[in-house]
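Trainee:
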Amino acid sequence: MAKVLDNPRPTLKERAAKIGEQVQGSQAWNSIFRPGSIFRKGYTDSPRNRSYVIMNSVLYHLHPVKVKRHAVKVSYTLCLGGLSFFLFILLTVTGIFLMFFYRPTAANAWQDIQTLQTSVTFGLLVRNMHRWAAHLMVLSVFLHMARVFYHGAYKAPREFNWVIGVVLLTLTLLLSFTGYLLPWDQLALWAVAVGTNMMGYTPVFGSQVRFVLLGGVEIGSETLLRWYVLHVLMLPFVIVIFMAIHFWRVRKDGGISGPL
Amino acid sequence: MTEIPEHLLKRAQAAREKAAADSGAAAPSSGEASDPRIPQHLLDRSKAARSGGDAGGGVAVAEKAGAVVTAAPTAGGVPVGAGPGGHTQRLLTVVKSGSIQEAKGAPVDKVHTWPHLLAVEFVAALACTAFLLVFSWVVNAPLLQAADPNKTPNPSKAPWYFLGLQELLTMFHPMIAGVTLPGVALILLILAPYLDRNPSNKPEDRKFMTTMMTVHLMFWAVLVIIGSFFRGPGFNFTFPWRDGIFFEL
Numbered sequence: 018m019a020k021v022l023d024n025p026r027p028t029l030k031e032r033a034a035k036i037g038e039q040v041q042g043s044q045a046w047n048s049i050f051r052p053g054s055i056f057r058k059g060y061t062d063s064p065r066n067r068s069y070v071i072m073n074s075v076l077y078h079l080h081p082v083k084v085k086r087h088a089v090k091v092s093y094t095l096c097l098g099g100l101s102f103f104l105f106i107l108l109t110v111t112g113i114f115l116m117f118f119y120r121p122t123a124a125n126a127w128q129d130i131q132t133l134q135t136s137v138t139f140g141l142l143v144r145n146m147h148r149w150a151a152h153l154m155v156l157s158v159f160l161h162m163a164r165v166f167y168h169g170a171y172k173a174p175r176e177f178n179w180v181i182g183v184v185l186l187t188l189t190l191l192l193s194f195t196g197y198l199l200p201w202d203q204l205a206l207w208a209v210a211v212g213t214n215m216m217g218y219t220p221v222f223g224s225q226v227r228f229v230l231l232g233g234v235e236i237g238s239e240t241l242l243r244w245y246v247l248h249v250l251m252l253p254f255v256i257v258i259f260m261a262i263h264f265w266r267v268r269k270d271g272g273i274s275g276p277l
Numbered sequence: 081m082t083e084i085p086e087h088l089l090k091r092a093q094a095a096r097e098k099a100a101a102d103s104g105a106a107a108p109s110s111g112e113a114s115d116p117r118i119p120q121h122l123l124d125r126s127k128a129a130r131s132g133g134d135a136g137g138g139v140a141v142a143e144k145a146g147a148v149v150t151a152a153p154t155a156g157g158v159p160v161g162a163g164p165g166g167h168t169q170r171l172l173t174v175v176k177s178g179s180i181q182e183a184k185g186a187p188v189d190k191v192h193t194w195p196h197l198l199a200v201e202f203v204a205a206l207a208c209t210a211f212l213l214v215f216s217w218v219v220n221a222p223l224l225q226a227a228d229p230n231k232t233p234n235p236s237k238a239p240w241y242f243l244g245l246q247e248l249l250t251m252f253h254p255m256i257a258g259v260t261l262p263g264v265a266l267i268l269l270i271l272a273p274y275l276d277r278n279p280s281n282k283p284e285d286r287k288f289m290t291t292m293m294t295v296h297l298m299f300w301a302v303l304v305i306i307g308s309f310f311r312g313p314g315f316n317f318t319f320p321w322r323d324g325i326f327f328e329l
């Protein structure tokens with residue numbers, strides 16, 4: 018009896034606390050979270066910990082520890098650049114989902130979308146999100162450009178980042194345009210026909226440009242495959258590289274917004 | 081106020097107690113002039129500096145050095161590892177007051193990224209997701225009949241962001257409307273920071289560039305709107321309130 022009183026069974030709370038301590042002291046945990054990470058020692062609100070949240074996490078790639086007070090005013094940036102990036106992530110996630118149900122051939126493409134909409138759980142919703150997010154991204158990138166221009170934020174030392182920004186705008190339009198063909202319905206086919214006919218009027222080597230884009234003289238299965246690869250692989254790859262440079266330059270050239 | 085870490089506070093407390101104990105033990109050595117462990121030439125120099133009157137920094141350094149020496153443990157004679165003459169520390173350099181760099185930039189009003197910026201970004205992302213989710217729930221993306229190369233719909237329209245170009249096609253030769261004009265616009269856009277030599281970014285100093293950009297943006301916006309909503313079968317001009325809208329997103 019006395020033994021039991023000396024060693025009462027640990028309560029659930031005590032056991033949980035002990036397990037928590039063991040986990041936080043383990044090598045695995047300490048290898049994941051850097052020294053100073055708030056996940057190692059817990060977060061209490063203090064200037065030191067506020068710095069650690071950024072400094073000891075991957076967020077340090079995107080943001081400095083401190084930013085100018087007026088730079089965080091929503092009315093100044095309208096979050097447009099950040100939202101464009103966020104929409105890109107959203108589009109990647111929904112796009113990967115769509116890829117599971119889609120074959121880029123003229124015989125299957127339209128039927129696959131139809132099946133996705135009618136018999137895949139959340140298929141219609143995810144396709145809608147992908148479509149609307151794509152249009153929204155074109156809009157937000159465009160508005161981001163206008164915002165930067167009207168604030169004169171492209172001036173030295175940010176000239177080159179503006180150039181990269183224009184490249185990103187172009188890539189966004191190309192991503193949207195290549196995705197436009199993939200449902201392989203009348204809207205897609207003829208919108209792309211109009212667009213590629215225009216590119217065929219490039220001076221000197223117009224017909225070659227058109228041939229390379231279409232993978233033939235007419236829009237067909239080869240075009241679909243070509244634009245699918247461009248849309249899901251090549252253009253995202255290129256745009257991610259340019260985004261990395263863009264974000265790096267934002268930090269190097271004096272932060273997210275405002276006069277230097 | 082900045083938070084001072086626990087271990088530094090402890091260390092400072094320990095040092096303060098030690099200094100108090102030491103000064104109690106070796107009270108008479110208060111004036112550094114009488115301290116035999118300070119090299120004579122340094123004492124001379126500090127004396128000269130004091131009589132010179134203007135070099136406040138030099139005096140402060142000398143006094144500090146003296147204070148540190150008096151705070152050092154004195155019990156037990158010469159400590160192990162002491163240098164020639166029993167000195168436990170050496171003066172490596174004297175930093176003169178003028179040689180210290182002064183910060184010239186005006187202080188910038190800054191806030192912590194967490195929570196001030198991250199919270200805003202998180203809310204913006206959340207709002208964006210919520211909007212998209214609700215919108216996608218209510219409005220379905222278009223999926224027309226399967227593609228048929230032999231059946232041209234009337235009208236055939238490009239995606240909305242290219243409708244400005246398609247609208248130009250009705251006015252100019254395709255090479256001008258489809259390639260030259262957008263090409264020039266794109267190149268001008270890329271060159272904007274190099275063409276704009278005005279260093280100011282105040283709106284009142286940039287009326288010309290602001291006007292140019294607004295005209296440029298409005299040019300495309302108007303063309304896109306006309307191409308989207310005011311073009312019907314055969315890409316002929318219509319009024320959306322009269323003939324309906326011929327537009328799919």
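The listed protein sequences derive, respectively, from chains A and B.
If you read the first sequence in the working numbering, its first letter stands for residue 18, the second for the next number, and so on.
If you read the second sequence in the working numbering, its first letter stands for residue 81, the second for the next number, and so on.
Note that the Cβ used here is the ideal one computed from N, Cα and C, for glycine as well.
Under the assumption that R266/A contacts I181/A (Cβ atoms under 8 Å), give the Cβ distance between them as a whole number of angstroms.
Mentor: Stepping through the first sequence from its first residue, residue 266/A is reached at position 249. Stepping through the first sequence from its first residue, residue 181/A is reached at position 164. Indeed they touch by this definition, with Cβ atoms about 7 Å apart.
Trainee: What are the start and end residues of each continuous beta strand (DSSP E) run of 3 or more residues lying completely inside the segment 188-233 of chain B, in chain order?
Mentor: Segments of the beta strand (DSSP E) lying fully in the segment 188-233 of chain B: 190-192.
Trainee: On the criterion of 16 or more Cβ atoms from any shown chain inside 10 Å, does H80/A qualify as buried, or is it exposed?
Mentor: What you label residue 80/A is simply residue 63 of the first sequence in a count that begins at 1. The residue in question, H80/A, is buried, as its Cβ has 16 or more Cβ neighbours within 10 Å.
Trainee: Which bits of chain A does F219/B rub up against, with CB to CB less than 9 Å?
Mentor: By 1-based counting over the second sequence, the position of residue 219/B is 139. It is Val, not Phe, that sits at residue 219/B in the sequence shown. Simply N145, W149.
Trainee: Roughly how many angstroms lie between the CA atoms of L100/A and T28/A, to the nearest whole one?
Mentor: In the first sequence, counting from the first residue as 1, residue 100/A sits at position 83. In the first sequence, counting from the first residue as 1, residue 28/A sits at position 11. Cα-Cα distance, rounded: 47 Å.
Trainee: In whole angstroms, what separates the C-alpha of N73/A from that of C208/B?
Mentor: Locating residue 73/A in the first sequence gives position 56, where the first residue counts as 1. Locating residue 208/B in the second sequence gives position 128, where the first residue counts as 1. When rounded, the distance between both Cα atoms is 28 Å.
Trainee: Where does D270/A fall in DSSP's three states?
Mentor: Counting from one through the first sequence, the residue named residue 270/A turns up at place 253. Coil, per DSSP.
Trainee: Please work out which residues of its chain come closer than 8 Å, Cβ to Cβ, to V330/B, disregarding the five sequence neighbours upstream and downstream, and give them in chain order.
Mentor: Residue coverage of chain B in this structure runs from 81 to 329, which leaves residue 330/B outside it and unanswerable.
Trainee: Chain A beta carbons: is any one of them nearer than 8 Å to that of P279/B?
Mentor: Counted from its first residue, the second sequence places residue 279/B at position 199. Cβ-Cβ to chain A under 8 Å: yes for P279/B.
Trainee: Relative to the alpha-carbon of W207/A, which residue among L206/B, L297/B, A227/B, A265/B has its alpha-carbon at the smallest distance?
Mentor: The residue given as residue 207/A occupies position 190 in the first sequence. The residue with the shortest Cα to Cα distance from W207/A is A227/B.
Trainee: Distance check for Y60/A and V155/A, CA to CA, integer angstroms please.
Mentor: If you number the first sequence from 1, residue 155/A lands on position 138. If you number the first sequence from 1, residue 60/A lands on position 43. Approximately 39 Å, taken between the alpha carbons.
Trainee: Could you tell me whether the Cβ atoms of L186/A and M162/A are closer together than 8 Å?
Mentor: Taking the first sequence and counting its residues from 1, one reaches residue 186/A at position 169. Taking the first sequence and counting its residues from 1, one reaches residue 162/A at position 145. Yes, the Cβ-Cβ distance between L186/A and M162/A is below 8 Å.
Trainee: Kindly say whether L329/B, judged by its beta-carbon, lies nearer than 8 Å to any beta-carbon of chain A.
Mentor: The residue you call residue 329/B lines up with position 249 of the second sequence. So, interface residue.
Trainee: Using a Cβ-Cβ cutoff of 9 Å, what residues of the segment 177-197 of chain B are near chain A? List them in chain order.
Mentor: Cβ contacts with chain A: V188, D189, K190, V191, H192, T193, W194, P195, H196, L197.
Trainee: Rounded to the nearest angstrom, how far is the Cβ of A126/A from that of W201/A, given a contact under 8 Å?
Mentor: Translated into the one-based positions of the first sequence, residue 126/A becomes position 109. Translated into the one-based positions of the first sequence, residue 201/A becomes position 184. Right, their Cβ atoms sit about 4 Å apart.
Trainee: Taking Cβ-Cβ distances shorter than 7 Å, what residues in chain A pair up with S216/B?
Mentor: The count along the second sequence starts at 1 and reaches residue 216/B at position 136. Ordered by position in chain A, the residues that pass the 7 Å Cβ test against S216/B are L142, N145, M146, W149.
Trainee: Quick check on R311/B: does DSSP put it in helix, strand or coil?
Mentor: Numbered from its first residue, the second sequence carries residue 311/B at position 231. Residue state, collapsed to three classes: strand.
Trainee: By a C-beta neighbour count over all protein chains shown, 10 Å radius and 16 as the cutoff for buried, is D129/A buried or exposed?
Mentor: Here the question's residue 129/A lines up with position 112 in the first sequence. The residue is buried, with at least 16 neighbouring Cβ atoms inside 10 Å.
Trainee: For W179/A, collect the residues of the same chain with a Cβ closer than 6 Å to its Cβ; drop the 5 residues on either side in sequence, then sort them by chain order.
Mentor: For the purposes of this step, residue 179/A is identified with residue 162 of the first sequence, where counting begins at 1. So the list reads Y171, once near-sequence residues are dropped.
Trainee: Which of the three DSSP states, helix, strand or coil, is assigned to A172/A?
Mentor: By one-based count along the first sequence, residue 172/A stands at place 155. For clarity, residue 172/A is Lys in the given sequence; the question names Ala instead. Here K172/A sits in coil by DSSP.
Trainee: Counting contacts by CB-CB distance shorter than 8 Å, is L213/B in contact with chain A?
Mentor: Position 133 of the second sequence holds residue 213/B. It does: the Cβ of L213/B has a partner Cβ on chain A nearer than 8 Å.
Trainee: Can you list the residues of chain B that V246/A reaches, using a CB-CB cut of under 9 Å?
Mentor: On the first sequence, position 229 is the one that residue 246/A refers to. Simply none; closest approach about 19 Å.
Trainee: Counting only Cβ pairs nearer than 7 Å, list the residues of chain A close to A227/B.
Mentor: The sequence position of residue 227/B within the second sequence is 147, counting from 1. What A227/B touches in chain A: W127, W201, D202, Q203, A205, L206.
Trainee: At which residues does the beta strand (DSSP E) containing K83/A begin and terminate?
Mentor: As a working mapping, residue 83/A is identified with position 66 in the first sequence. Note, K83/A: beta strand (DSSP E), 83-85.
Trainee: What did DSSP end up calling D62/A once you bin it into helix, strand or coil?
Mentor: The residue given as residue 62/A occupies position 45 in the first sequence. Reduced to three states, the DSSP call for D62/A is coil.
Trainee: Within 10 angstroms of its Cβ, does Y197/A collect 16 or more other Cβ (buried), or is it exposed?
Mentor: Position 180 of the first sequence, counted from the start, is the residue given in the question as residue 197/A. Looking at its Cβ environment, which holds 16 or more other Cβ atoms inside 10 Å, Y197/A is buried.
Trainee: What residue range is occupied by the uninterrupted alpha helix (DSSP H) comprising T132/A?
Mentor: The count along the first sequence starts at 1 and reaches residue 132/A at position 115. Element bounds for T132/A: 126-136.
Trainee: Using a beta-carbon distance cut-off of less than 7 Å, what residues from the segment 79-101 of chain A approach chain B?
Mentor: Answer set for the segment 79-101 of chain A: H80, P81, V82, K83, V84, K85, R86, V89, V91, C96, G99, L100.
Trainee: Would V259/B and Y218/A be called neighbours here (beta carbons separated by less than 8 Å)?
Mentor: Numbered from its first residue, the second sequence carries residue 259/B at position 179. Numbered from its first residue, the first sequence carries residue 218/A at position 201. It is a contact, given that the beta carbons lie within the stated cut-off.
Trainee: So that I know if they touch, is there some Cβ in chain A lying closer than 8 Å to that of F242/B?
Mentor: On the second sequence, position 162 is the one that residue 242/B refers to. Yes, F242/B lies at the interface with chain A (some Cβ there is under 8 Å from its Cβ).
Trainee: Compute the Euclidean distance between the alpha carbons of L250/A and V257/A, then round it to the nearest angstrom.
Mentor: Position 233 of the first sequence, counted from the start, is the residue given in the question as residue 250/A. Position 240 of the first sequence, counted from the start, is the residue given in the question as residue 257/A. Roughly 11 Å between the two C-alpha positions.
Trainee: Quick one, which of N316/B, P233/B, I256/B, P273/B has its alpha-carbon nearest A210/A's?
Mentor: Start at 1 with the first residue of the first sequence, and residue 210/A comes out as number 193. The option with the nearest alpha carbon to A210/A is P233/B.
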